[in-house]
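Counting from 553, one number per residue, gives the positions in the first sequence under this note's numbering. Note that CB positions come from ideal geometry on N, CA and C, so glycine has one too. Computed from a prediction, not measured in an experiment: that's the story for all the values here. For reference, the structure is listed below as structure tokens.
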Amino acid sequence: METKVRFAPSPTGFLHVGGLRTALFNYLYARKTGGKIVLRIEDTDQARKVENAVENLLSSFEKLDIHFDEGPHKNDGSVQHFQSQRLSIYKEHIQKLIDSGDAYPCFCDGSRLETLRKKLSDAKATIKYDRKCLNLSAEEIQAKQETEPFVIRMKIPNEEKVKFYDVVREKVSINCSEIDDQVLIKSDGFPTYHFANVVDDHLMGITHVMRGEEWLPSTPKHVLLYRFFGWNLPKYIHLPLLLNPDRSKLSKRQGDVAVEDYLEKGFLPETLINFVALLGWHPKDDREMFSLKELENEFSLKRIHKSGAVFDLEKLKWMNSQYLMQLPLETVVERSIPFFENANLDTSDKAKLSLIVDATRQRVQTLAEMPEASKMYFTVPVISVDNKELINAPQSRELLQKLKENIENSNIPDGDGFKQIVMNIGKEISLSGKSLFFPIRTAIYGEPKGPDLVLLFNILGKKEVINRLNQ
RNA sequence: GGCCCGUUCGUCUAGUGGUUAGGACCCAGGGUUUUCAUCUCUGUAACAGGAGUUCGAUUCUCCUACGGGCUACCA
């Protein structure tokens, strides 16, 4: 049977890196097995809806080059991928459960439930609904339904242990006595996650449910729903959580969580994919650098871990610096342009820009650091007091003066020629090493330490080098 | 509180009933380089604890501790 997986976010903002990891694993598994991946929007909470969330989500995936086979972006009209558009389907299905006695209406209001929870909590008991509305007569239900708001709850069997198999965690079981009569349909008529999720996964033919570990405790409810309907269970794969440095669930409080944030900070899409793939999964060997295509080949469910993984910014930076150096220069140039423009640096001279990016990419860890690290190629650098002392030393003044005259009077083709002149002058006035190179680099680059003189000359050109030697 | 899940260097992780427990990031030191960066080499650093099974457990079982998740008409 063809595998079919899904990524089912609720549209409450931007794509979260945890969401990216879940989406990526689903995507990789679909590609690996030649199956399909569906994007489904779980917008059943009217209160949490965020404008443009779906557009933002799709745009992030576009940038990361992750594509869904089915979803709201390519809808032929046969299936609706927004849960808010599937209300009639849920209505039809909840009726089946009511008819079979596996679900029942409940009229208890929020304050009663709150009091109940408080009472149970004080008694140190499992917090769950007391089934006050379970045994209402047909007449009572009829009458109440006309005047009072109500929800539909699922009726959890009394004495039973629900067992299921998780690909990562193997056997998991829980006693029904611990499970609450979950609300399936809210009083506004919308389904809860648990109900819509199960109905849709079945109707859409989902074979593998891969999601975050936070869903593990509610999986027995889902298993029970499948049984009530007489449907086959999908395979469950609960992914380990992504964690903050303090090992709590990755959250906004402790740093950036949105994929967009990382992109804006100058991390490359390739880095994000590669990095996140290695959180909770590991290949057979020690290899760490993987393109998306390579991951598609390499991925396997068997190598997913059980325990949570801390999102380590240091390693992310390292990996980004690797991609900065490994990716084709044109790609890095193209991706860096917005960052230069943002810093008001002129990007019109593409040949020069290319040289600059090439010289800078191995000195920075993110695209965002690039303008700062290369602004001296655009404008005459500001030289610090200490460095001024260095170039104003008599020895340095003589050196720089000679150098200027030499360049002005010769036809230097490129940086190699420039360096040759530097070496010759060095010989002439008996300067070498730091005392030769530091003043020159400081004069034209602003700092004694930095890129090779050949590179500097090639980027700046003869005219600008003379200009800077003058100052 | 209850339930569920987890636990190998600080972090990401490999691994096995017998290994000097391997790699990567970070950190430290060396080399390369005119310098910085890159690159490269070396080093520091881990099987949570206790029982049991076994000739032998980091590896299997149980218990404890610790950590996390869930405990909504949120997902």
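Which of the three DSSP states, helix, strand or coil, is assigned to D813? As a position in the first sequence, residue 813 is number 261, starting the count at 1. Looking at D813 - three-state DSSP - the assignment turns out to be helix.
DSSP on P1000, reduced to helix/strand/coil? Your numbering for residue 1000 matches position 448 in the first sequence. Reduced to three states, the DSSP call for P1000 is coil.
Proximal residues to D732 (C-beta, below 7 Å), its chain only, five neighbours per side dropped: For the purposes of this step, residue 732 is identified with residue 180 of the first sequence, where counting begins at 1. If we look at D732 and ignore the five residues flanking it on each side, its Cβ neighbours are K680 and Y681.
Spatial neighbours of A575 within its chain, please: C-beta separation below 6 Å, excluding the five flanking residues on both sides. Within the first sequence, numbered from 1, the residue matching residue 575 stands at position 23. If we look at A575 and ignore the five residues flanking it on each side, its Cβ neighbours are F559.
If we ignore side chains and look at the alpha-carbon of each, how far apart do K676 and N727 end up? Your numbering for residue 676 matches position 124 in the first sequence. Your numbering for residue 727 matches position 175 in the first sequence. Cα-Cα distance, rounded: 17 Å.
Measuring alpha carbon to alpha carbon, tell me which residue in A911, R839 and D595 is nearest V1006. On the first sequence, residue 1006 is found 454 positions in, with the first residue counted as 1. Nearest option by C-alpha distance: A911.
Helix, strand or coil: which one does DSSP assign to W833? Within the first sequence, numbered from 1, the residue matching residue 833 stands at position 281. In the three-state reduction of the DSSP assignment, W833 falls in the strand class.
Pick out whichever of Q635, F577, Y929 and R600 has its Cα sitting closest to the Cα of I589. As a position in the first sequence, residue 589 is number 37, starting the count at 1. Residue F577 is the option with its Cα nearest to I589.
So the candidates are R993, T585 and V724; which of them puts its Cα closest to the Cα of Y788? Counting from 1 along the first sequence, the entry for residue 788 is found at position 236. Looking only at R993, T585 and V724, the smallest Cα-Cα distance to Y788 is reached by V724.
N- and C-terminal bounds of the beta strand (DSSP E) containing V590: By one-based count along the first sequence, residue 590 stands at place 38. Segment K588 to L591, the beta strand (DSSP E) holding V590.
Taking 8 Å as the cut-off, decide whether the C-beta atoms of F702 and S652 are in contact. As a first step, residue 702 must be located in the first sequence, where it is residue number 150. As a first step, residue 652 must be located in the first sequence, where it is residue number 100. Not in contact: F702 and S652 (Cβ atoms no closer than 8 Å).
Quick one: what does DSSP say K858 is sitting in, helix, strand or coil? Along the first sequence, read from residue 1 onward, the residue named residue 858 stands at position 306. Note: K858 maps to coil in three-state DSSP.
For K869, I'd like the list of residues in its chain whose CB is within less than 6 Å of its CB, leaving aside the five on either flank, ordered along the chain. Here residue 869 is taken as the residue at index 317 of the first sequence, counted from 1. Excluding five sequence positions before and after K869, the CB atoms of its chain that fall closer than 6 Å to its own CB belong to Q917, given in chain order.
Is the beta carbon of E848 closer than 8 Å to that of P835? Taking the first sequence and counting its residues from 1, one reaches residue 835 at position 283. Taking the first sequence and counting its residues from 1, one reaches residue 848 at position 296. Contact flag unset, no.
Give the secondary structure of R528 by DSSP, where H, G and I count as helix, E and B as strand, and everything else as coil. Outside the shown range of the chain, which is 553 to 1023, sits residue 528, and nothing can be said about it.
Alpha carbon to alpha carbon, how far is A695 from S663? Give it in angstroms, no decimals. As a position in the first sequence, residue 663 is number 111, starting the count at 1. As a position in the first sequence, residue 695 is number 143, starting the count at 1. S663 and A695 have their C-alpha atoms roughly 22 Å apart.
Quick one: using the 10 Å Cβ neighbour count with 16 as the cut-off for buried, is V934 buried or exposed? Reading the first sequence from its first residue, position 382 is the one you call residue 934. Answer is exposed; the Cβ neighbour count stays below 16.
Could you check the C-alpha separation between V761 and I856 for me, to the nearest Å? Locating residue 761 in the first sequence gives position 209, where the first residue counts as 1. Locating residue 856 in the first sequence gives position 304, where the first residue counts as 1. Distance between the alpha carbons of V761 and I856 is about 14 Å.
With respect to the alpha helix (DSSP H) encompassing H1025, which residues constitute its N-terminal and C-terminal limits? Residue 1025 is absent from the structure shown; the chain starts at 553 and stops at 1023.
Which residues does DSSP pair with F634 in a beta bridge? Looking up residue 634 in the first sequence gives position 82. Paired residues: I593.
Per DSSP, M706 forms a beta bridge with which residues? In the first sequence, the residue the question calls residue 706 occupies position 154. Paired residues: A655.
Assuming P991 contacts L952 under a Cβ cut-off of 8 Å, what Cβ separation, rounded to an integer in Å, is found between them? Residue mapping note: residue 991 aligns to position 439 of the first sequence, counting from 1. Residue mapping note: residue 952 aligns to position 400 of the first sequence, counting from 1. P991 to L952, Cβ: 6 Å. Contact.
Any 3 or more C-beta pairs closer than 8 Å across the region 891 to 902 and the region 863 to 877: Three or more Cβ pairs closer than 8 Å define a contact, and the region 891 to 902 falls short of that threshold against the region 863 to 877.
Return the CA-CA distance between E980 and N1010, expressed in angstroms with no decimal places. Residue numbering aside, residue 980 sits at position 428 when the first sequence is read from its first letter. Residue numbering aside, residue 1010 sits at position 458 when the first sequence is read from its first letter. Each residue's Cα considered, the two are about 24 Å apart.
Please work out which residues of its chain come closer than 6 Å, Cβ to Cβ, to N608, disregarding the five sequence neighbours upstream and downstream, and give them in chain order. In the first sequence, counting from the first residue as 1, residue 608 sits at position 56. Around N608, the same chain offers F566 as residues with beta carbons nearer than 6 Å, after the five sequence neighbours per side are excluded.
Buried/exposed call for G586, threshold 16 Cβ in 10 Å: By one-based count along the first sequence, residue 586 stands at place 34. Sixteen is the threshold: since fewer than 16 other Cβ atoms of the shown chains lie within 10 Å of the Cβ of G586, the residue is exposed.
Host alpha helix (DSSP H) of F970 (start-end): On the first sequence, residue 970 is found 418 positions in, with the first residue counted as 1. Counting along the chain, the alpha helix (DSSP H) containing F970 begins and ends at G967 to E980.
Run through DSSP, which three-state label would I618 get? For the purposes of this step, residue 618 is taken as residue 66 along the first sequence, with counting starting at 1. I618: coil per DSSP, three-state reduction.
If I measure Cβ to Cβ from I1018 and keep anything under 8 Å in the same chain, skipping five residues before and after, which residues do I get? Locating residue 1018 in the first sequence gives position 466, counting from the first residue. The answer, listed in chain order, is K956, I959 and E960.
Could you tell me if T699 is buried or exposed, where buried requires 16 or more neighbouring beta carbons within 10 angstroms of its beta carbon? In the first sequence, counting from the first residue as 1, residue 699 sits at position 147. Its Cβ having fewer than 16 others within 10 Å, T699 is exposed.
On the CB-based measure, 16 or more other CB atoms within 10 Å of its CB, does A945 come out buried or exposed? Position 393 of the first sequence holds residue 945. Residue burial annotation: A945 is exposed, with fewer than 16 other C-beta atoms found within 10 angstroms of its C-beta.
Local Cβ density within 10 Å of D752, reported as buried at 16 or more and exposed below that: As a position in the first sequence, residue 752 is number 200, starting the count at 1. D752 comes out buried.
Quick one: grab the DSSP three-state call for D718. For the purposes of this step, residue 718 is taken as the residue at position 166 of the first sequence. In the three-state reduction of the DSSP assignment, D718 falls in the strand class, which pools E and B.
Would you call the CB atoms of T931 and A748 closer than 8 Å? In the first sequence, residue 931 corresponds to position 379, counting from 1. In the first sequence, residue 748 corresponds to position 196, counting from 1. Contact flag unset, no.
Rounded to the nearest angstrom, what separates F970 and R913 at their Cα positions? What you label residue 970 is simply residue 418 of the first sequence in a count that begins at 1. What you label residue 913 is simply residue 361 of the first sequence in a count that begins at 1. Each residue's Cα considered, the two are about 23 Å apart.
In three-state DSSP terms, what is K787? Here residue 787 refers to the residue found at position 235 when the first sequence is read from its first residue. DSSP places K787 within a strand segment (E or B) once states are collapsed to three.
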